[in-house]
Amino acid sequence: MKLLEVQNLKVSFRSRKEELNAIDDISFSINKGETVALIGESGSGKSVTSLSVLGLLPKNGRVVGGHIFYENKDLLRLGKKELGKIRGKQISMIFQDASISLNPSMKIGKQITQGLAYHRIIARKELKREALRLLAKVGFHKPKEVFNQYPGQLSGGMKQRVLITMAISCNPQLIIADEPTTALDVTTQKQILDLMNDYKQSTNTSILLITHDFGLVAEYADRVMVMFGGKIVEAADVFTLFKKPIHPYTKGLMNSIPKIEEPRNHLQTIKDAVIEETAYEGRIFAPETFSADEKVYHSPSTLIEVEPGHHVRFFNESSEVLIR
Amino acid sequence: MNKLVEVQNLSTSYHDGINLKKAIEGVSFYVYEGETLGIVGESGSGKTTLARTILRILQPDYGLLKFDGEDISKLTGKKLREMRKDFQMIFQNPYESLSPRLRVGDILEEPLVIQKMFSPEERTQKAYRMLENVGLAKSSYHKTIHEFSGGQRQRIAIARALVMNPRLIIADEPVSALDVSVQAQILNLLKDLQKEFNLTTIFISHDLSVVHHMSDRVAILNRGHLLEIAGKEEIYKEPIHPYTKSLLSSIPRNDPAKRGETEEKIEVPPLSPHPPHLIHIGNEHYVAADVIEIKHFEVQK
Amino acid sequence: MRLAIWKQPQFLIGSFILLSMIILSFMSPLFFDPPQEVKYLYEDGKLVDVAPFSPSQVPPFGTDKFGRNLLTLLINGAKYTLLIAIVIAVFRVFLSGLFAIVYHHYNVKLRPLLEDLVESTIFVPTSILAYLLLAPLAVKQAQEGIGFFEIVVIQCIILIFIGVPPLISIFSKDMGRITRKEHIVSTLSLGAKHRYVYIKHVLPEMGSRFLLVIAQQIIQVLILLAHLGVLLIFLGGVKTILDGDLLSTHEVFVSLTGEWSGLIGNNFQEIVHSPHVILVPLGFFSLTIFSMNLIINGMQNTMKKIERGAGS
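Chains as they are written, first to last, in the numbering used here: chain A, 2 to 325; chain B, 19 to 319; chain C, 8 to 319.
Set out below in structure tokens:
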């Protein structure tokens, strides 16, 4: 069952001179209980996608087209009040930097319970007990102590746990996690992601994981979408994608990380990958990653299903694309 | 082989405003000439303090710090300043480690000016050659660093570190601020330059895969203590210290098919108040003595 | 910074107002007759009114209580007021910069103690501190007579040093922040001397900061001068003139230079009867401070823009 469906989403940002397309025609869906990963480098538009789902785009950004259906309601056409009811309660978000997301002058307990209180899920006097229960659930050994502490007294990993506590406090249907562990150490990263994964499996929650790390995708995602320049360039389920990546950008990203199991003297860069391959079964890959020619880059392109469930972006046959 | 760097019982503390805190304590290791020693540490492990102590940007409290056989831990003034051309650092964040007010040419020539090496014309030539070495266009010489991306800035930082032909380079998280695709280019560049300039490198990172890619031997640092040090293959395949084990098991594997193959949970022992005693268990594999029973390890080879 | 600042409208307007005031002030002897004192207004041979006259009687701003035309006085006094404020501000910043280097670089052990001392002086209102230091000077001048030039220099020195301690604390904090930057650490690790690092990197980096603080200090000094004027301390000292009618003469101190704060001080008693005598000089103070604020805003905007440019 589809929980969230994004159709032809387009988001643009107004800079001083021009209107820039941050996201160009993105469509995807998330089923119940599924972890979908959006992977890309900085500037790929992966974070913008997640922000537009929650209606949290910065002031100079706006959605210029498309739909975001959540349980058959179009989030883009909902009023502020209705959106507020869904946000936080049914869709919650975990950000990268816990130290910014938490209010430094408010006790942890208060921050956790305010969402519960706002959405009036449980009785007021039950709030504290519920918060302590949640804190224990995310792995705090002494929840009472944490309840009365301020964010400054906690380590980075503990703060991220608090963020997760806040995110799960209202039993959301969908958790959007934007680089949730990038600021953390590897050991903590594993604990946090395992925690989220366990929660997801026990409650059938869906997760939209936004990351730049293929390792995390391999460990935790069910389906993957690779983003580049505001477009999805390849999408498939995680097993297919790792077994048989097709788009050179995907391959480049995968091979540019050093791997302990397959050491090599030189890492492949994305440039290498793009130069090696330009076409698949007669179709030319889009967008052309290293083309300085704006026209070529923006030539019309489509995601094409090359095998069941595996989509790759190619230029349309009609578009004039120069092959190097 | 000649040991270019030798560190014995090195300790450095810092003042946090209230107390004196030990950032690193009782750290001992050595680096052979021409090899790359990787140092793995999470945040708060003291890895940056260690790097800055070896470069004598920080003054160690005690301990021996030998560079090419000479103790530099107590050097000061002119002698130290002259020594500095032999060891250089590549910093984590190329947005901060390069002066925003200088042209690239000045950034590259500044080391030579400070050390009074070469004539002005030779310095300019040298700067151009370094630009070429790190894969930047000659026209970069006249630009300011605002015009460069993160990866290009890190190339400039590398060129600046290498322009005096140092013997030792300490790279402190040189790629962690960069996108993965750029990271690969910088790592490739570093490897090439290591060979070309015959460099000895201390490569510091929190990323175990990157350290594995770059290093010959690897040391594990945790909260100011060195816990284990061994050849790369040995430490990744047969880690002994529970902390090393837990680090290695936390690396996400790049293969969804291997999901769920998690090893048994590893308990990391609490930090001991005293620096651990490293013992040699053979094959240049040293490990903190308080966690092993010596009889389990036969000396190999 | 140098180029970008000239594209800031705020900066341009602010500096235009200031500059035109100073230039007008220097050229005023060419246009205006020396200020006349018209104390009594006669109509048909009968005394109708005495100074100060309101703006409607003597346009545009009226006169002070000695019958001097306020506009002429203000234009004439502008050069002293503004230039002295600028000189004091520049010296404050220059000296604090120098001391800050020494302070930041050498006194590691003494620093907490000095910090406390400086912090405690910040809470003493500067005008009171200045009054305490300047009042004895005024007395001495009245009794023994000190040369005009001499007294201006001494007064300036006192006003300069009053402002230095808090600035040292600000600057040394800035230097601390800058010297912790990686590119400074990097330069030190190349084997540079500390002197080289300060001259080549730290001070240039603080350049725009220095300019900004100078502008802020000019405002501080102007406010301080206005306060001192009320307390009858005038820059350049006073001359005593006799005032009142023939039957009850009394001595009045008048500012020698005619700078603005003197006007406020001299006429403070008139504030109820003819408020314009106080309001007009205050207006000129406000205009100056306003244009200084424009300049500061312009500078800050440029700095922000440059920082943003550097960050992207």
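Just so you know, even glycine gets a beta-carbon here, dropped at the ideal spot from N, CA and C.
Residue i versus residue j - alpha carbon distance
{"i": "residue 85 (chain B)", "j": "residue 102 (chain C)", "result": "43 Å"}
{"i": "residue 248 (chain B)", "j": "residue 293 (chain B)", "result": "18 Å"}
{"i": "residue 235 (chain C)", "j": "residue 134 (chain C)", "result": "7 Å"}
{"i": "residue 106 (chain B)", "j": "residue 51 (chain B)", "result": "15 Å"}
{"i": "residue 193 (chain B)", "j": "residue 250 (chain A)", "result": "20 Å"}
{"i": "residue 233 (chain A)", "j": "residue 163 (chain A)", "result": "32 Å"}
{"i": "residue 90 (chain B)", "j": "residue 111 (chain C)", "result": "26 Å"}
{"i": "residue 298 (chain A)", "j": "residue 230 (chain A)", "result": "10 Å"}
{"i": "residue 318 (chain C)", "j": "residue 75 (chain B)", "result": "At residue 318 (chain C), the pLDDT of 43 sits below 50, so the modelled position is not reliable; the number obtained from the coordinates is stated separately. Distance between the alpha carbons of residue 318 (chain C) and residue 75 (chain B) is about 26 Å."}
{"i": "residue 215 (chain A)", "j": "residue 216 (chain C)", "result": "45 Å"}
{"i": "residue 35 (chain A)", "j": "residue 109 (chain B)", "result": "40 Å"}
{"i": "residue 293 (chain C)", "j": "residue 304 (chain C)", "result": "16 Å"}
{"i": "residue 286 (chain C)", "j": "residue 269 (chain C)", "result": "13 Å"}
{"i": "residue 317 (chain A)", "j": "residue 279 (chain A)", "result": "14 Å"}
{"i": "residue 130 (chain C)", "j": "residue 123 (chain C)", "result": "11 Å"}
{"i": "residue 190 (chain B)", "j": "residue 97 (chain A)", "result": "23 Å"}
{"i": "residue 109 (chain C)", "j": "residue 95 (chain C)", "result": "21 Å"}
{"i": "residue 101 (chain A)", "j": "residue 153 (chain A)", "result": "11 Å"}
{"i": "residue 300 (chain B)", "j": "residue 107 (chain C)", "result": "55 Å"}
{"i": "residue 106 (chain A)", "j": "residue 260 (chain B)", "result": "38 Å"}
Beta-carbon spacing of residue i, residue j below 7 Å
{"i": "residue 76 (chain A)", "j": "residue 69 (chain A)", "result": "yes"}
{"i": "residue 315 (chain A)", "j": "residue 274 (chain A)", "result": "no"}
{"i": "residue 42 (chain B)", "j": "residue 30 (chain B)", "result": "yes"}
{"i": "residue 99 (chain C)", "j": "residue 170 (chain C)", "result": "yes"}
{"i": "residue 173 (chain B)", "j": "residue 126 (chain B)", "result": "no"}
{"i": "residue 255 (chain A)", "j": "residue 47 (chain A)", "result": "no"}
{"i": "residue 56 (chain B)", "j": "residue 215 (chain B)", "result": "no"}
{"i": "residue 224 (chain B)", "j": "residue 60 (chain B)", "result": "yes"}
{"i": "residue 158 (chain A)", "j": "residue 183 (chain A)", "result": "no"}
{"i": "residue 33 (chain A)", "j": "residue 257 (chain A)", "result": "no"}
{"i": "residue 31 (chain A)", "j": "residue 10 (chain A)", "result": "no"}
{"i": "residue 84 (chain C)", "j": "residue 266 (chain C)", "result": "yes"}
{"i": "residue 299 (chain C)", "j": "residue 226 (chain C)", "result": "yes"}
{"i": "residue 114 (chain A)", "j": "residue 135 (chain A)", "result": "no"}
With 16 other Cβ atoms within 10 Å as the buried cut-off, status of residue i
{"i": "residue 220 (chain C)", "result": "buried"}
{"i": "residue 19 (chain B)", "result": "exposed"}
{"i": "residue 94 (chain B)", "result": "exposed"}
{"i": "residue 21 (chain C)", "result": "buried"}
{"i": "residue 71 (chain C)", "result": "buried"}
{"i": "residue 196 (chain C)", "result": "buried"}
{"i": "residue 118 (chain A)", "result": "exposed"}
{"i": "residue 175 (chain B)", "result": "buried"}
{"i": "residue 198 (chain C)", "result": "buried"}
{"i": "residue 13 (chain C)", "result": "exposed"}
{"i": "residue 150 (chain B)", "result": "exposed"}
{"i": "residue 88 (chain B)", "result": "exposed"}
{"i": "residue 205 (chain C)", "result": "buried"}
{"i": "residue 139 (chain C)", "result": "exposed"}
{"i": "residue 277 (chain A)", "result": "exposed"}
{"i": "residue 25 (chain C)", "result": "buried"}
Rounded distance between the beta-carbons of residue j and residue i, thought under 8 Å
{"i": "residue 167 (chain B)", "j": "residue 190 (chain C)", "result": "Rounded, the Cβ-Cβ distance is 18 Å, inconsistent with contact."}
{"i": "residue 306 (chain C)", "j": "residue 18 (chain C)", "result": "6 Å"}
{"i": "residue 150 (chain A)", "j": "residue 108 (chain A)", "result": "7 Å"}
{"i": "residue 219 (chain A)", "j": "residue 239 (chain A)", "result": "7 Å"}
{"i": "residue 125 (chain C)", "j": "residue 175 (chain C)", "result": "7 Å"}
Would you list, in chain order, the members of the region 230-260 of chain A that have their beta-carbon closer than 7 Å to a beta-carbon of chain B?
Cβ contacts with chain B: 239, 240, 243, 253, 254, 257, 258, 259, 260.
What are the residues of the region 121-134 of chain B that lie near chain C, defined by any Cβ-Cβ distance shorter than 8 Å?
Listed in sequence order: 128, 129, 132, 133.
Interface positions of the region 188-207 of chain C facing chain B (Cβ-Cβ less than 9 Å), listed along the chain:
Close to chain B, meaning a Cβ-Cβ distance shorter than 9 Å, are the following residues of the region 188-207 of chain C: 188, 189, 190, 191, 192, 193, 194, 195, 196, 197, 198, 199, 200, 203, 207.
Return the residues of the region 182-199 of chain B that lie within a Cβ-Cβ distance of less than 7 Å from chain A, sorted by chain order.
Within the region 182-199 of chain B, the qualifying residues are 197, 198, 199.
Any residues in the region 38-60 of chain A with a beta carbon nearer than 8 Å to a beta carbon of chain B? Which ones, in chain order?
Cβ contacts with chain B come from 42, 43.
For the region 212-230 of chain C, which residues have a beta carbon sitting closer than 8 Å to at least one beta carbon of chain B?
Cβ contacts with chain B come from 212.
Quick one, which residues of the region 259-273 of chain B are near chain A if we go by CB-CB under 7 Å, in chain order?
Those would be 264, 265, 268, 269, 270, 271, 272, 273, in chain order.
Looking at chain A, which residues of the region 47-69 of chain B have a Cβ within less than 8 Å of any of its Cβ atoms?
Taking 8 Å as the cut-off between beta carbons, the residues of the region 47-69 of chain B near chain A are 60, 61, in sequence order.
Which residues of the region 199-222 of chain B have a Cβ closer than 9 Å to any Cβ of chain A? Give them in chain order.
Correct list: 199, 200, 201, 202, 203, 205, 206, 209, 210.
Any C-beta of chain C within less than 8 Å: which residues of the region 158-171 of chain B qualify?
From the region 158-171 of chain B, only 164 have a Cβ closer than 8 Å to chain C.
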